[in-house]
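Residue numbers (full-length UniProt numbering): 1 to 171.
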């Protein structure tokens with residue numbers, strides 16, 4: 001991909017890509033700001049697949065079949081990443097370190113996955129600077145594990161879009 005070094009946006013929507021391979025972006029694309037693999041039938045993300053995309057601002061992996069993304073697959077640190085869209089995948093949980101070293105992350109969309117909780121170890125690194133977190137249409141269990149949400153922010157309703165599955169209520 002050396003001939004694409006000046007590329008700023010890559011939209012690979014509706015391509016059949018079951019695996020995001022480590023080799024595809026191993027040399028990085030220094031000007032790439034937006035990367036979209038939407039409706040690509042992705043099942044797996046390689047453990048180093050996107051780590052060389054240091055200037056990436058928007059990553060959209062929505063409408064796939066991903067159930068796990070290792071933190072090592074993303075730039076470390078991901079200082080430029082502002083928006084992460086993982087809507088309509090198959091996440092049941094997230095790695096505790098997934099959002100570590102992402103100081104610019106403002107928007108996360110995890111709508112229509114299989115998440116049952118929003119745990120503090122995973123979200124604590126980015127919670128204070130998140131502007132919008134959409135976890136609607138997940139089977140969320142609103143129990144003591146998410147009590148930290150209510151204690152952490154006064155603007156919770158403005159920031160969080162979610163509905164509890166058990167017990168049924170709006171977060």
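For glycine and all other residues, C-beta sits at the position ideal for the given N, C-alpha and C.
**Message:** Am I right that residue 108 and residue 74 are in contact with their C-beta atoms under 8 Å? What's the rounded C-beta distance?
**Reply:** Position 108 of the chain shown, counting from 1, holds the residue named residue 108. Position 74 of the chain shown, counting from 1, holds the residue named residue 74. The pair is not a contact, with the Cβ atoms about 13 Å apart (cut-off 8 Å).
**Prompt:** How long is the line joining the alpha carbons of residue 81 and residue 35, rounded to whole angstroms?
**Reply:** As a first step, residue 81 must be located in the chain shown, where it is residue number 81. As a first step, residue 35 must be located in the chain shown, where it is residue number 35. Roughly 11 Å between the two C-alpha positions.
**Prompt:** DSSP on residue 9, reduced to helix/strand/coil?
**Reply:** Here residue 9 refers to the residue found at position 9 when the chain shown is read from its first residue. Three-state result, residue 9: strand.
**Message:** Could you give the first and the last residue of the continuous beta strand (DSSP E) run that contains residue 83?
**Reply:** Reading the chain shown from its first residue, position 83 is the one you call residue 83. Segment 83 to 85, the beta strand (DSSP E) holding residue 83.
**Prompt:** With 16 as the cutoff for other CB atoms within 10 Å, does residue 131 come out buried or exposed?
**Reply:** The count along the chain shown starts at 1 and reaches residue 131 at position 131. Looking at its Cβ environment, which holds fewer than 16 other Cβ atoms inside 10 Å, residue 131 is exposed.
**Message:** By DSSP's criteria, residue 61 is part of a beta bridge. Which residues make up the other side?
**Reply:** As a position in the chain shown, residue 61 is number 61, starting the count at 1. Residue 61 pairs with nothing; no bridge assigned.
**Message:** Let me check one thing: in DSSP terms, what residues is residue 36 bridge-paired to?
**Reply:** The sequence position of residue 36 within the chain shown is 36, counting from 1. Residue 36 pairs with 11 and 60.
**Request:** Return the Cβ separation of residue 98 and residue 122 in integer angstroms, given the expectation that the two are a contact with Cβ distance under 8 Å.
**Result:** The sequence position of residue 98 within the chain shown is 98, counting from 1. The sequence position of residue 122 within the chain shown is 122, counting from 1. So it is a contact: roughly 6 Å between Cβ atoms.
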